[in-house]
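**Student:** Supplied in structure tokens, the structure appears directly below.
In the UniProt record's numbering, the protein residues as written are 1 to 768.
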């Protein structure tokens, strides 16, 4: 790690997230110290808002991230804790440790083979987390990092106070009233670390039915260094709840059950579950997906409430290690939907939610490179698929035809399908939701989102309108920010004309909206509050979309936000400004503009924040994604470099003021780009970066490696191997640049318990 002058302006990573960065609670907050860091990056995939509409996804269902650095957690540790974090004697890395590092690199060099080639991985010994010398080296690196950041402590304290001043300590979620006449919501109590889950009904006092603070400190979790509530679901009778807890940080959840009136916790405890679980409609059973040793959801089980977990019935076992399972309930509550998916292939099975003895029924059998998702509506299944359509098309088929065992091939079934929304070359159908009388379509064109509302009461699917918004750069997703309320809302909205969604932009704090699809009236039911010493004025800032030109002539979208007074009256930069550039570029994910109150501290200090929508993501459609994966992966890095050059050429910044940021697969992008163009960047910040691509993808014992072949390629393929060699950050660390101190200043953060990017990847990268 090098001395970082530019980072003095914004260095503390938990204080500077580009999306919605806030410090997590004590058990959930990843500390700066590498050895204590617990990160929840999901795969090498980007986290996306939860409760999405049905969508054809390129990244795992796990890409819905509930507990990473950048979620909307609003609790911070005390200022005293922050100061204790920094106020200790900081020493240089021990010369003994550094000497041992050099010796180990010589003695423990591990020969790796690739297509007849042989190379020495001198840092392979750092893979061993049980080796005390490895832990000592991590400790030395952390102390060195603290020393380099010592001069930023006054600024960190100032920023911390600013962040705290903007928070609403008594923040409350949107409220929702349901069939049991109770109104449900969650809130924070000032001084407490976690949320409380509440309900109230007319004429009665508020009742807290689950207090996460008490749960985190009960006998089961009080000694844990980590606590995260996953999903909380109400059974259909509203008599009890099921909730999942991760007390390690490895995304292996324990599911528990509690009587909502008496608060009695049942003896049933299901271990090793991912977050997916659903109730049968009679409230007697719960369906869940179980994780294997490779952290892959591979089994669907059914548990009878009150029975022994070891007696749970296995309903489906996914044998192919490239496929993972995900689970949901249809919008009308009729079916449990089980999806089995690889990166670019999927198939769906359904179970009758009213029949606790039903078994999974296969709808469309899997075919290579064909994805589809299914939703139920009256007597039809609606299917979104990329069959013969790169940007997806939506069709529907009678339920009876899908359940006809004599119809077992795609061609026969597709002949029975009725087109609802046809494929268009330049419009990606991102997802959909259904109500009894309406169809909601999320579309994306030219890096912009649109929401189409189709009136199903009028035959032909031609009676539709779009929801209009005043901003041109924004994000929206179905449901509310709060998981519990979003899940409850989904279960009760099918018979309504209401579409509830969350809206945000670089300028607009998150708003939960109820849109009446008949009257076309939009109501704000909840809005994120922005407090602070100075009242937040969105008119003081501006956001816009630019386009850079890639090396092959491709137009690359760039989203930026800045203070209006920074760029002058004509919105052209009078002089270069410090700029933080962010990108991801993998798994066909979207990097959408989201409001961050913490980012205001960056903008108010004269920074511009920019997002490069590079190939490898799907901001411009699925073709955009395919142009940045497998053998075409270098396009991702070339696009990012082109955007950086464009921002410098246009005068927004210059290399001496340009900082870059990426996380997980985005960390791969950062590592590749600083190897390719170290002269272009002043500083680079990366968290849990996927930087040892070749070694990881050759090692099938690492979780998710086989699954990842369809994204990065299999290095046993000589063509893929040769491409990987050109960009793998760890492989391409350049000694000549290190000797000349030409690399940008770096801050690299890893996670000891990260379930997707092993701790040794960033560690080896830093060591080399």
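Just so it is clear, CB atoms sit at the ideal spot from N, CA and C, and this is done for glycine as well.
Keep in mind it's a predicted model, so treat the numbers as computed, not measured.
1) Name the two residues that bound the continuous beta strand (DSSP E) containing residue 521.
2) Among 542, 624 and 497, which one has its Cα closest to the Cα of residue 609?
3) In angstroms, rounded to a whole number, what distance separates the CA positions of residue 344 and residue 707?
4) For the beta strand (DSSP E) containing residue 299, list its first residue and its last residue.
5) In its own chain, which residues sit with a C-beta less than 6 Å from the C-beta of residue 383, not counting the 5 before and 5 after it?
6) Can you have a look at residue 514 and say buried or exposed, based on whether 16 or more other CB atoms are within 10 angstroms of its CB?
7) Taking just the CA atoms, how far does residue 577 sit from residue 703?
8) Could you tell me whether the segment 527-541 touches the segment 418-432, where touching means 3 or more Cβ pairs closer than 8 Å?
9) Does the structure place the segment 669-682 close enough to the segment 730-737 that three or more beta carbon pairs sit under 8 Å?
10) So what does residue 341 bridge to, in DSSP terms?
11) Per DSSP, what are the beta-bridge partners of residue 543 in this structure?
12) Which first and last residues belong to the beta strand (DSSP E) in which residue 136 is found?
13) For residue 156, which of helix, strand or coil comes out of DSSP?
14) Between which residues of its own chain and residue 82 is the CB-CB distance below 6 Å, once the five residues before and five after are set aside?
15) Can you give me the C-alpha to C-alpha distance between residue 770 and residue 560, rounded to a whole angstrom?
16) Which value, in whole angstroms, describes the spacing of the CA atoms of residue 689 and residue 460?
17) Determine the contact status of residue 349 and residue 291, defining contact as a CB-CB distance below 8 Å.
18) Flag this pair as yes or no: are the beta carbons of residue 620 and residue 402 separated by less than 8 Å?
19) Mind pulling the beta strand (DSSP E) runs of 3 or more residues that sit fully within the segment 447-509?
20) Can you tell me whether residue 628 is buried or exposed? The criterion is at least 16 other CB atoms within 10 Å of its CB, across all chains shown.
21) Cutting at 8 Å between CB atoms, please list the residues of its own chain near residue 18, excluding the five before and the five after it.
22) May I ask you to report which of helix, strand or coil DSSP gives residue 283?
23) Specify, as a first and last residue, the run of the beta strand (DSSP E) that residue 724 falls within.
24) Smallest Cα separation from residue 417: which of 319, 398 and 364?
25) How would you write the range of the alpha helix (DSSP H) that residue 671 sits in, first residue to last?
26) Using the three-state DSSP reduction, which class does residue 329 fall into: helix, strand or coil?
27) Would you please state the rounded distance, in angstroms, between the beta carbons of residue 524 and residue 511? I believe it to be under 8 Å.
28) Counting C-beta neighbours from all protein chains within 10 Å, is the total for residue 442 16 or more, i.e. buried, or is it exposed?
29) In angstroms with no decimal places, state the Cα-to-Cα distance between residue 591 and residue 613.
30) Work out the CA separation of residue 147 and residue 482 for me, nearest whole Å.
31) With hydrogens ignored, establish whether the beta-carbon of residue 561 is closer than 7 Å to any heavy atom of the ligand ZN.
32) Between the Cα of residue 685 and the Cα atoms of 762, 634, 422 and 756, which residue gives the shortest distance?
33) Evaluate the contact criterion for the segment 485-503 versus the segment 330-345: three or more CB pairs, one atom per stretch, below 8 Å.
34) Counting pairs of Cβ atoms below 8 Å between the segment 545-555 and the segment 634-645, do you hit three or more?
35) Determine whether the beta carbon atoms of residue 691 and residue 765 lie at a separation below 8 Å.
36) Is it true that the segment 184-203 meets the segment 161-175, where meeting means three or more beta-carbon pairs spaced less than 8 Å apart?
**Tutor:** This is what the structure holds:
1) 521-527
2) 542
3) 10 Å
4) 297-304
5) 372, 374 and 395
6) buried
7) 42 Å
8) no
9) yes
10) 324 and 346
11) 561
12) Run containing residue 136: none in the beta strand (DSSP E); it sits in the alpha helix (DSSP H), 132-149.
13) helix
14) Its pLDDT being 44, under 50, residue 82 is placed unreliably by the model, and the measurement read from it follows with that caveat. Hits under 6 Å: 160.
15) There is no way to answer for residue 770, as the model of the chain reaches only from 1 to 768.
16) 48 Å
17) no
18) no
19) 448-455, 464-466, 475-478 and 498-504
20) buried
21) Bear in mind that a pLDDT of 31 at residue 18, under 50, signals an unreliable position, so the model cannot answer this.
22) coil
23) Unbroken run through residue 724 is the alpha helix (DSSP H), 718-727; no beta strand (DSSP E).
24) 398
25) 665-676
26) strand
27) 5 Å
28) buried
29) 7 Å
30) 39 Å
31) Ligands displayed in this structure: none; no statement on the ligand ZN is therefore possible.
32) 762
33) yes
34) yes
35) yes
36) yes
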